[in-house]
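Residue numbers (the working numbering), protein chains in the order written: chain A, 323 to 611; chain B, 63 to 506; chain C, 80 to 413.
Glycine included, every Cβ here is placed at the ideal spot set by N, Cα and C.
Worksheet: one structure, shown below.
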Amino acid sequence: MNYELGQGLVNVLLLTGTLTLVAVGFSIVWGILNIINIAHGAFIMVGAYVTYWLFTLWGIDPFLSIPISMVLLFIVGYIVQRYLINYVIRAPLLVTFLITFALEIVIINLATVFWKGDFRSVTTAYSGAGFSIGEIQIPYVRLAAFVIALLLTGLLHVYMTYTKQGNAIRATGMDVDAARLQGVKIAHTYALTFALGTALAGAAGSLISVSFPISPTMGGLYTLRAFVICVLGGLGSIPAVIAGSLVFAFIEVFSGVYTPGLKEAIALLVMVLVLIVRPTGIAGKAFYH
Amino acid sequence: MKKKVGLLLVVIAILAVLLSACGGGQSAGQSAGQPAGNSSGNGQSAGTSSGGGQSAGTSSGGEESCTVTFGAAVSLTGKYAKEGEYVSNGYNLYVEEINKQGGIQVGDKKCKVALKVYDDESKADRSAQLVEKLITEDKVQFLLGPYGSGNTYATTAIAEKYQVPMVEANGAATKIFNRGFKYSFAVLTPAPYYLRGIIDLALDQDPNIKTVAIIAENGAFALEVAGGAKDYAEEKGLEVVYFDKYAKDAKDLSSLLTAIKAKNPDILLGAGHLQDTLLIVKQAKDLNLSPKVFGFSVGPTSPEFRNALGSDADYVFGGAQWTPELKIQSDDVFGTPQHFTELYEAKYGETPPYQAAESAAALIAYQKAIEAAGSLDRKAVRDALAQLDYMSFYGKLKFNEQGMNIYKPMAVMQNFPDGKLYTVWPKDAATKAPIYPFKPWDER
Amino acid sequence: MKILGLEKFFSGRKGWLWGLFGLFMLALAVLPLFASGFWLRTLTLIFLLAAMAEGWNYIGGYTGYAAFGNVAFFGIGAYGTALAMLRLHFSFFPALLVGVAAAMLFAIVIGLPVLRLKGHYFAIATVALATAVGEVADYWTDFTGGSAGLTLPFFDPIEYSGQFFYYISFLLVIFGLWLTYFVMKGKMGYSWVAVREDEDAAKMMGINTTWAKVSAFALSALMAGAAGAIYGYWNTFVLPEEVFKIDYTLQMILSTVLGGPGTILGPFIGAFLYYILITLLVFFFHVGAFHETILGVIIILVMVFTPQGLMDFLSGKKKLTLSSLLENIRTHKV
Numbered sequence: 323m324n325y326e327l328g329q330g331l332v333n334v335l336l337l338t339g340t341l342t343l344v345a346v347g348f349s350i351v352w353g354i355l356n357i358i359n360i361a362h363g364a365f366i367m368v369g370a371y372v373t374y375w376l377f378t379l380w381g382i383d384p385f386l387s388i389p390i391s392m393v394l395l396f397i398v399g400y401i402v403q404r405y406l407i408n409y410v411i412r413a414p415l416l417v418t419f420l421i422t423f424a425l426e427i428v429i430i431n432l433a434t435v436f437w438k439g440d441f442r443s444v445t446t447a448y449s450g451a452g453f454s455i456g457e458i459q460i461p462y463v464r465l466a467a468f469v470i471a472l473l474l475t476g477l478l479h480v481y482m483t484y485t486k487q488g489n490a491i492r493a494t495g496m497d498v499d500a501a502r503l504q505g506v507k508i509a510h511t512y513a514l515t516f517a518l519g520t521a522l523a524g525a526a527g528s529l530i531s532v533s534f535p536i537s538p539t540m541g542g543l544y545t546l547r548a549f550v551i552c553v554l555g556g557l558g559s560i561p562a563v564i565a566g567s568l569v570f571a572f573i574e575v576f577s578g579v580y581t582p583g584l585k586e587a588i589a590l591l592v593m594v595l596v597l598i599v600r601p602t603g604i605a606g607k608a609f610y611h
Numbered sequence: 063m064k065k066k067v068g069l070l071l072v073v074i075a076i077l078a079v080l081l082s083a084c085g086g087g088q089s090a091g092q093s094a095g096q097p098a099g100n101s102s103g104n105g106q107s108a109g110t111s112s113g114g115g116q117s118a119g120t121s122s123g124g125e126e127s128c129t130v131t132f133g134a135a136v137s138l139t140g141k142y143a144k145e146g147e148y149v150s151n152g153y154n155l156y157v158e159e160i161n162k163q164g165g166i167q168v169g170d171k172k173c174k175v176a177l178k179v180y181d182d183e184s185k186a187d188r189s190a191q192l193v194e195k196l197i198t199e200d201k202v203q204f205l206l207g208p209y210g211s212g213n214t215y216a217t218t219a220i221a222e223k224y225q226v227p228m229v230e231a232n233g234a235a236t237k238i239f240n241r242g243f244k245y246s247f248a249v250l251t252p253a254p255y256y257l258r259g260i261i262d263l264a265l266d267q268d269p270n271i272k273t274v275a276i277i278a279e280n281g282a283f284a285l286e287v288a289g290g291a292k293d294y295a296e297e298k299g300l301e302v303v304y305f306d307k308y309a310k311d312a313k314d315l316s317s318l319l320t321a322i323k324a325k326n327p328d329i330l331l332g333a334g335h336l337q338d339t340l341l342i343v344k345q346a347k348d349l350n351l352s353p354k355v356f357g358f359s360v361g362p363t364s365p366e367f368r369n370a371l372g373s374d375a376d377y378v379f380g381g382a383q384w385t386p387e388l389k390i391q392s393d394d395v396f397g398t399p400q401h402f403t404e405l406y407e408a409k410y411g412e413t414p415p416y417q418a419a420e421s422a423a424a425l426i427a428y429q430k431a432i433e434a435a436g437s438l439d440r441k442a443v444r445d446a447l448a449q450l451d452y453m454s455f456y457g458k459l460k461f462n463e464q465g466m467n468i469y470k471p472m473a474v475m476q477n478f479p480d481g482k483l484y485t486v487w488p489k490d491a492a493t494k495a496p497i498y499p500f501k502p503w504d505e506r
Numbered sequence: 080m081k082i083l084g085l086e087k088f089f090s091g092r093k094g095w096l097w098g099l100f101g102l103f104m105l106a107l108a109v110l111p112l113f114a115s116g117f118w119l120r121t122l123t124l125i126f127l128l129a130a131m132a133e134g135w136n137y138i139g140g141y142t143g144y145a146a147f148g149n150v151a152f153f154g155i156g157a158y159g160t161a162l163a164m165l166r167l168h169f170s171f172f173p174a175l176l177v178g179v180a181a182a183m184l185f186a187i188v189i190g191l192p193v194l195r196l197k198g199h200y201f202a203i204a205t206v207a208l209a210t211a212v213g214e215v216a217d218y219w220t221d222f223t224g225g226s227a228g229l230t231l232p233f234f235d236p237i238e239y240s241g242q243f244f245y246y247i248s249f250l251l252v253i254f255g256l257w258l259t260y261f262v263m264k265g266k267m268g269y270s271w272v273a274v275r276e277d278e279d280a281a282k283m284m285g286i287n288t289t290w291a292k293v294s295a296f297a298l299s300a301l302m303a304g305a306a307g308a309i310y311g312y313w314n315t316f317v318l319p320e321e322v323f324k325i326d327y328t329l330q331m332i333l334s335t336v337l338g339g340p341g342t343i344l345g346p347f348i349g350a351f352l353y354y355i356l357i358t359l360l361v362f363f364f365h366v367g368a369f370h371e372t373i374l375g376v377i378i379i380l381v382m383v384f385t386p387q388g389l390m391d392f393l394s395g396k397k398k399l400t401l402s403s404l405l406e407n408i409r410t411h412k413v
């Protein structure tokens with residue numbers, strides 16, 4: 323097989339894992355709460371820095387710090403939703419849109435002030451190591467990130483399908499009033515959902531920090547990517563997120579080979595086209611609603 | 063209810079009055095220092111026609127109050143906070159040292175040096191706003207540059223408008239100087255020269271080198287660096303097998319590096335900023351992309367490069383405007399690069415990056431020009447700058463007609479396996495011989 | 080159906096309200112005789128922001144479509160003008176018309192398909208388009224000069240450039256106010272508000288909603304495009320990273336929302352309050368690094384407590400009391 327094509331396909335696959343984790347939390351929050359969380363990328367950035375600091379200050383392995391950044395961001399997300407967004411959740415979308423936008427600004431600004439604006443990276447003893455199949459290189463770190471991302475996505479699926487809380491979240495997403503009548507505590511459930519989203523963002527951040535340089539402004543790009551993925555895949559289910567990620571990774575990697583200076587533009591234009599032609603996304607219908 | 067409405071509008075009106083009062087107060091101060099009653103926004107005549115007004119203002123208070131004030135908008139926060147810090151460190155170190163010696167000789171008296179630095183938040187529009195403030199409100203006499211080609215581009219236009227000299231040290235793009243400006247000068251070597259040293263070095267090590275791949279961040283500075291390197295490589299008979307730009311703030315360059323690996327070049331040169339440099343090295347390792355020479359315009363010579371990459375930094379070359387090891391003897395405040403390094407380390411606790419040295423050199427250029435002009439008149443100092451030819455601790459300070467310093471060669475540094483950076487080029491300044499070729503990733 | 084705070088302005092209080100406003104404008108008109116170059120620059124920035132906000136108000140405030148990509152019009156206006164000046168050797172004013180026309184044309188071409196989208200989808204489609212246009216400008220070296228941008232000549236005579244750009248931006252703001260007033264008085268303004276209140280009902284009433292939305296979008300582009308044209312010539316260069324910054328979109332939305340979306344004076348007042356506040360914070364209180372945090376907190380407070388902006392209080396529609404501030408929370412919490 324052609325080297326560029328083969329390596330390209332491997333890159334697509336590896337990228338799909340990370341992107342799925344990036345987008346799945348965003349998708350849940352959008353699907354259940356009908357909020358576009360612009361600050362999603364900022365939470366990813368915080369997760370990345372949690373890993374960075376744990377690694378730099380105490381030498382904690384980046385993969386071991388994933389649960390820590392998840393718990394931390396879960397708490398942050400819960401507070402943000404419970405004590406801020408819950409108060410305006412039924413306001414016109416511009417309100418929640420701008421509030422999460424403002425949150426993003428605040429988080430990035432504080433990160434820039436306290437951690438400086440420069441790029442940092444987590445370099446472990448094993449980073450860069452990998453194995454090869456013929457000419458094609460597969461770095462261990464990215465493979466591990468891929469596996470962990472899919473594992474977490476799988477766990478999320480199990481949680482949403484088989485636990486009482488997961489069912490409560492889905493019920494709330496389908497019909498708030500019916501869920502309330504069933505005894506679901508809406509305020510708590512909303513906060514829980516948002517917290518799940520931010521926790522997944524934190525995990526994504528931790529994984530990203532292992533393979534890519536991080537900086538306070540890294541997040542905006544991921545928010546946009548998450549959105550594009552949700553549009554491409556369609557809102558409402560975890561498989562849709564994976565499908566969207568795969569399509570996105572494909573565009574990203576192969577447009578990167580031919581026009582490296584023009585990466586996001588192609589994916590963005592594809593998204594706008596999909597939106598215009600088929601507003602529910604490639605994979606189909608929204609079922610959270 | 064009516065009252066409240068009124069109240070709010072009154073607040074707005076007060077704001078407006080305040081504004082005009084502010085402006086009015088300022089312009090009163092301005093015209094006091096100037097002969098002609100020129101209106102505000104027209105402060106340029108302060109520099110040209112009324113140099114007398116300026117120096118009168120500085121000398122009237124007697125010897126003690128003679129001060130030369132420099133102003134700069136530097137990125138202390140935001141994207142270029144780190145680099146901006148080096149720049150302001152360089153400025154401050156010079157000011158401290160020159161004031162220890164009593165200041166700058168202006169005619170027959172010594173003037174203390176004062177420095178006003180604002181934070182431009184790494185934004186070009188803020189940078190422009192601040193420079194306009196430095197000129198029209200703070201009344202600084204001379205301007206120093208910000209960090210980066212973009213902000214320098216924006217601010218030189220304002221300096222030109224008011225005819226205030228600006229000696230900048232951190233904007234290497236030639237497009238800044240292709241506009242026919244008379245008041246802008248740069249002490250650093252321009253962008254197209256950045257990678258020449260690495261190409262020379264590679265050919266010196268191995269005349270059989272044939273192919274080179276060049277990649278650049280899609281930015282004015284980096285594209286000029288890459289374009290200059292391409293021209294030079296072709297001039298030297300090398301074949302440029304890959305030449306492309308990548309998106310600014312790219313997060314993943316594995317596609318690009320995959321394409322390069324397919325070409326198997328002898329030399330890989332990158333033009334960009336520290337963050338892309340880190341990304342490229344990391345991902346080159348992931349892909350086991352190991353050219354014989356691996357070099358970048360900026361990045362490998364800064365301490366962050368080693369901190370971020372650890373031993374993966376080994377063998378990578380970087381172009382440097384200046385290194386602490388250069389063998390130069392000068393009669394400026396610092397004397398030698400080594401003495402500058404000692405002072406910098408004592409004050410800031412780290413090895414000085416070249417950004418700090420070139421920033422200090424911008425002030426040395428001013429000092430020598432002011433000494434030659436014998437006055438603080440902006441026009442006279444500008445003319446003296448154009449004539450300047452001086453060997454500083456940083457290297458030769460001499461400007462061509464456009465205001466660029468094309469007379470100072472670039473140095474090349476290499477990251478050695480002992481964790482240190484050594485100057486390996488040009489040969490007469492080298493502290494160690496370069497390690498060639500690059501040790502392939504899979505043999506480490 | 081409420082049509083902005085317009086009636087309020089022309090009811091009882093109009094005399095001294097407009098009088099005060101007139102005084103304020105008069106103060107602005109004579110300010111260049113006193114103010115320093117720094118204040119001229121700052122106020123010119125405010126005018127350009129106010130003009131963009133007035134434009135955003137058409138699509139976001141009156142028509143109710145959360146457009147998040149208006150910076151694309153700003154950038155296209157700047158590029159169109161710069162290219163007309165450099166390639167076609169137009170002088171500034173004809174070039175400005177080229178830039179504005181390009182921005183409006185883009186708005187119409189893009190608006191026809193994209194304005195069919197609703198809510199979040201519309202918002203992000205506009206963000207995506209603005210980002211994509213910026214990237215293309217950054218990449219397409221042969222046409223746009225790529226990331227090195229375009230360099231424009233100085234305004235001549237250079238010593239009056241501060242005043243020139245001040246007044247031309249000021250005129251643009253006044254034009255925007257007049258345009259708002261003129262449009263909202265007529266049928267077009269009525270159709271915009273009808274779309275905002277209930278698009279389906281508007282359609283049933285026989286209003287051409289497509290035309291309503293596209294016209295609002297195109298007039299938004301007019302204001303932002305003109306602002307971009309002036310901005311580029313003022314700065315003497317056009318760089319993609321400068322003129323396609325999403326910050327500008329955010330600032331125009333914030334100004335509008337702060338002042339009062341769907342009102343004539345709201346965006347103008349909002350732009351002033353916002354930018355004066357930022358300038359004071361940065362230049363006089365030296366919050367420096369933290370000013371974006373403060374900005375973010377202000378946005379959050381405004382969105383939680385007065386999402387209809389300050390105009391409601393100014394025009395006397397609402398009393399500024401604790402209970403009116405909590406009204407938004409009461410109606411919109413879980």
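| Item | Value |
| --- | --- |
| State yes or no: is the beta carbon of Glu-199 of chain B nearer than 7 Å to at least one beta carbon in chain C? | yes |
| Measure the alpha-carbon distance for Gln-267 of chain B versus Ile-322 of chain B and round it to whole angstroms. | 23 Å |
| Report yes if the C-beta distance between Ala-548 of chain A and Gly-555 of chain A is below 7 Å; otherwise report no. | no |
| May I have a chain-ordered list of the alpha helix (DSSP H) segments no shorter than 4 residues that lie completely inside the segment 357-417 of chain A? | 362-380 and 388-405 |
| Only counting the same chain, and skipping five residues up and downstream in sequence, which positions put a Cβ closer than 8 Å to that of Gln-242 of chain C? | Pro-111 and Leu-119 |
| Considering only residues of the same chain and omitting the five flanking positions on each side of Glu-426 of chain A, which have a CB-CB separation below 6 Å? | Ile-360, Ala-361 and Ala-364 |
| Have a look at C:Ala-291, C:Ala-151, C:Gly-159 and C:Gly-213 and flag the residue whose alpha-carbon is nearest the alpha-carbon of Ala-587 of chain A. | C:Gly-213 |
| Please list the partners that Glu-133 of chain C has in chain B, where partner means a Cβ-to-Cβ separation under 7 Å. | Neighbours of Glu-133 of chain C on chain B: none; closest Cβ ~17 Å, over 7 Å. |
| Between which two residues does the beta strand (DSSP E) harbouring Glu-279 of chain B extend? | 273-279 |
| Near Thr-236 of chain B, what residues of its chain come up, given a Cβ to Cβ distance below 7 Å and the 5 sequence neighbours on each side ignored? | Pro-252, Ala-253, Pro-254, Glu-286 and Met-466 |
| Taking Cβ positions only, does Ser-531 of chain A come closer than 7 Å to chain B? | no |
| Under 7 Å between C-beta atoms, does Thr-139 of chain B make it to chain C? | yes |
| Decide if Leu-386 of chain A is buried, meaning its Cβ has at least 16 other Cβ atoms within 10 Å, or exposed. | exposed |
| Classify His-335 of chain B as buried or exposed, calling it buried when 16 or more other Cβ atoms lie within 10 Å of its own Cβ. | buried |
| Could you give the uninterrupted runs of the alpha helix (DSSP H) lying entirely in the segment 549-584 of chain A, keeping only those of 4 residues or more? | 560-580 |
| Give the residues of chain B in contact with Lys-507 of chain A, contact being defined as C-beta atoms less than 7 Å apart. | Result: empty, since nearest Cβ-Cβ is about 39 Å, beyond 7 Å. |
| Just to confirm my understanding: we take Leu-376 of chain A, look at its own chain, exclude 5 residues before and 5 after, and list those with CB closer than 6 Å. What are they? | Ile-382 and Ser-387 |
| Anyone know if the C-beta pair for Ala-303 of chain C and Phe-152 of chain C falls short of 7 Å? | yes |
| Roughly how many angstroms separate the alpha carbons of Ala-526 of chain A and Gln-203 of chain B, rounded to a whole number? | 51 Å |
| What's the call for Ala-446 of chain B, buried or exposed, on a 16-neighbour Cβ count within 10 Å? | buried |
| Could you confirm whether any beta carbon from chain A is found closer than 7 Å to the beta carbon of Glu-214 of chain C? | yes |
| Answer with yes or no whether the minimum CB distance from His-365 of chain C to chain A is below 7 Å. | no |
| Do the CB positions of Phe-441 of chain A and Ser-537 of chain A come within less than 7 Å of each other? | yes |
| Label Tyr-469 of chain B either buried or exposed according to how many other C-beta atoms from any shown protein chain fall within 10 Å of its C-beta, with 16 as the threshold for buried. | exposed |
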